[in-house]
Amino acid sequence: MIIINMVTLSASTVGVNWGTVTTHQLPAQSVVNMLKDNGFDKVKLFDADEGLLEALRGTDIQVMVAVPNYMLEEMSLDSGAAVSWVEANITAYAYPGGVNIRHVAVGNEPFLKTYNGTYLKHTLPALKNIQDAIPSAGDFRPEIRDVTIQIIQYLYSNNAPFVVNIYPFLSLYGNMYFPIDYAFFDGSNKPVKDGNYIYTNVFDANFDTLVWSLAKSGYPDMRIVVGEVGWPTDGDKNANVKNAKRFNEGLIQHVLSKNGTPARKGEIDIYLFSLIDEDEKSIDPGSFERHWGLFEFDGKPKYELDLSGVNKKKGLVAAQGVRYMARRWCVLNPSVKDTDRELAGNIDYACSLSDCTALGYGSSCNHLSVEGNASYAFNMYYQLKGQHEWDCEFSGLAMITDLDPSDDECWFPIMIARGNSVLLREKLGNVLIVVLEGCVVFMFLVS
């Protein structure tokens with residue numbers, strides 16, 4: 001991720017990512033109020049959505065906006081396009097009482113292997129054009145090292161930070177032999193010694209991998225910002241509320257202690273990932289992708305979390321004034337047996353058009369029977385489509401009920417009344433960012 005700074009950066013605080021890849025969005029103003037109620041003074045967006053920026057207008061919240069990947073080629077070839085984008089999305093809000101835009105992210109993980117080099121040649125030119133338009137032991141992968149070094153040089157010359165995504169959960173998810181305690185900050189796992197440094201958690205180890213990569217490239221004092229870090233609460237055996245609370249609690253205490261890492265003492269700036277669950281995100285990386293939120297899709301806190309890092313009993317504040325659809329659910333008609341030849345096909349159909357990630361192995365609803373799976377799938381489809389009577393048909397297998405089918409572990413949600421389907425790009429791996437006032441940053445995913 002590459003960033004351009006608009007103003008002098010403030011002291012270390014905990015920010016949060018605000019994603020909108022969801023079928024039913026909370027009103028933007030409700031989310032902004034929730035940010036303020038919970039004391040977040042920094043937020044990172046994945047685009048420059050007008051509705052979100054309007055809701056942030058007049059607040060003191062520091063904002064990072066983004067240029068999407070599909071615009072990189074145009075930005076790299078036409079400086080006028082960059083000027084137009086900045087005028088519409090930055091200058092229009094950059095005035096006293098407007099939006100406190102501190103960073104502009106140019107691209108979203110453009111060097112991710114999945115893109116097969118699509119954005120490789122456009123990233124740096126786009127970054128320069130955006131920058132010009134704005135007012136006032138590890139090492140990098142061999143195939144991107146040269147362009148990465150060029151970008152780092154440009155960032156450094158503009159006094160911009162390097163932004164990195166660190167996901168200890170992915171280290172655990174991708175390696176069955178990974179020591180689970182090493183993913184957290186309070187683990188009793190045997191420390192790892194690397195030269196003169198001792199590591200008790202993978203976050204510090206990953207952070208210092210970047211420290212050494214930058215030092216090897218000739219930039220030992222380059223500022224680093226962790227653009228995304230968090231823990232999911234569903235969609236995998238290790239993705240649950242207990243682990244998420246343990247990780248985020250330890251993370252916040254760690255970064256606010258200002259002890260830093262073994263190789264880089266001092267403050268660490270982070271943006272928690274993420275504020276709210278997003279049920280339209282791609283699940284290609286895993287079913288957990290839709291469950292990174294500190295809050296449910298409707299703004300309910302999932303667990304207690306003290307963002308000050310001091311009082312563990314302090315809870316998060318829910319979104320206020322949320323309106324829900326009618327209190328009814330679509331479930332399997334009890335007269336239907338699980339041997340019905342049409343049942344499996346209807347479950348598959350419902351899940352293909354809604355979010356059934358909670359039914360997966362190790363997930364919160366994995367304990368349900370076949371009948372329970374059917375009810376969950378039918379209800380998710382019914383809620384997503386807007387609770388129309390014809391959305392609870394399923395070849396005559398389903399029925400509408402006002403009895404909540406949820407149990408202690410598995411929640412059958414009712415959707416919020418206001419919301420629109422949005423077709424936005426998925427967050428994948430690394431991100432290019434820009435910070436306004438002459439600064440720029442680069443971002444990688446570390447797992």
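Residues 1 to 447 in UniProt numbering are what the sequence shown lists, from first letter to last.
Every residue gets a Cβ at the ideal spot worked out from N, C-alpha and C, and that includes glycine.
Classify residue i: buried if its beta carbon has 16 or more other beta carbons within 10 angstroms, exposed otherwise.
{"i": "proline 334", "result": "exposed"}
{"i": "aspartate 284", "result": "exposed"}
{"i": "tryptophan 231", "result": "buried"}
{"i": "alanine 183", "result": "buried"}
{"i": "glycine 80", "result": "exposed"}
{"i": "arginine 341", "result": "exposed"}
{"i": "arginine 327", "result": "exposed"}
{"i": "lysine 337", "result": "exposed"}
{"i": "methionine 176", "result": "exposed"}
{"i": "aspartate 208", "result": "buried"}
{"i": "asparagine 89", "result": "buried"}
{"i": "glutamine 387", "result": "buried"}
{"i": "histidine 24", "result": "buried"}
{"i": "aspartate 404", "result": "exposed"}
{"i": "tryptophan 18", "result": "buried"}
Pick helix, strand or coil for residue i, following the three-state DSSP scheme.
{"i": "cysteine 330", "result": "strand"}
{"i": "isoleucine 224", "result": "strand"}
{"i": "tyrosine 173", "result": "helix"}
{"i": "asparagine 162", "result": "With the sequence shown as reference, residue 162 is identified as phenylalanine, and asparagine is not the correct amino acid for it. Strand."}
{"i": "isoleucine 276", "result": "strand"}
{"i": "asparagine 69", "result": "helix"}
{"i": "aspartate 194", "result": "strand"}
{"i": "valine 229", "result": "strand"}
{"i": "tyrosine 182", "result": "helix"}
{"i": "aspartate 391", "result": "helix"}
{"i": "isoleucine 270", "result": "strand"}
{"i": "isoleucine 416", "result": "strand"}
Which one or two residues does DSSP pair with residue i in a beta bridge?
{"i": "lysine 42", "result": "Gln62"}
{"i": "aspartate 236", "result": "Ala239"}
{"i": "alanine 398", "result": "Leu332"}
{"i": "phenylalanine 295", "result": "Ile276, Pro301"}
State the start and end residues of the unbroken beta strand (DSSP E) segment that holds residue i.
{"i": "alanine 105", "result": "101-106"}
{"i": "methionine 75", "result": "Run containing methionine 75: none in the beta strand (DSSP E); it sits in the alpha helix (DSSP H), 72-77."}
Of the residues the options, which one's Cα is nearest the Cα of residue i?
{"i": "asparagine 243", "options": "Leu307, Lys216, Asp181", "result": "Asp181"}
{"i": "leucine 353", "options": "Val211, Thr13, Thr22, Phe207", "result": "Thr22"}
{"i": "glycine 286", "options": "Tyr361, Asn159, Val86, Gly260", "result": "Tyr361"}
{"i": "valine 317", "options": "Cys392, Lys36, Gly15", "result": "Lys36"}
{"i": "proline 96", "options": "Val65, Leu56, Val86", "result": "Leu56"}
{"i": "glycine 98", "options": "Met71, Glu54, Leu332, Asn175", "result": "Glu54"}
{"i": "valine 322", "options": "His103, Ser76, Asn159, Leu26", "result": "Leu26"}
{"i": "methionine 75", "options": "Val106, Arg102, Asp60", "result": "Val106"}
{"i": "phenylalanine 178", "options": "Met380, Val202, Asp186", "result": "Val202"}
{"i": "valine 16", "options": "Ser30, Gln29, Asn38, His24", "result": "Asn38"}
{"i": "leucine 256", "options": "Leu384, Phe247, Leu307, Thr59", "result": "Leu307"}
{"i": "threonine 59", "options": "Glu371, Leu72, Val83, Tyr93", "result": "Tyr93"}
{"i": "leucine 343", "options": "Gly51, Glu393, Gln253, Gly266", "result": "Glu393"}
Alpha helix (DSSP H) containing residue i: first to last residue?
{"i": "tyrosine 382", "result": "370-385"}
{"i": "asparagine 17", "result": "That residue, asparagine 17, is in no alpha helix (DSSP H); its beta strand (DSSP E) goes 14-18."}
{"i": "tyrosine 154", "result": "145-157"}
{"i": "serine 213", "result": "202-216"}
{"i": "serine 352", "result": "343-352"}
{"i": "glutamine 29", "result": "28-37"}
State yes or no: is the beta carbon of residue i nearer than 8 Å to at least one beta carbon in chain C?
{"i": "tyrosine 177", "result": "Protein chain content of the structure displayed is limited to a single chain, and chain C is not contained in it."}
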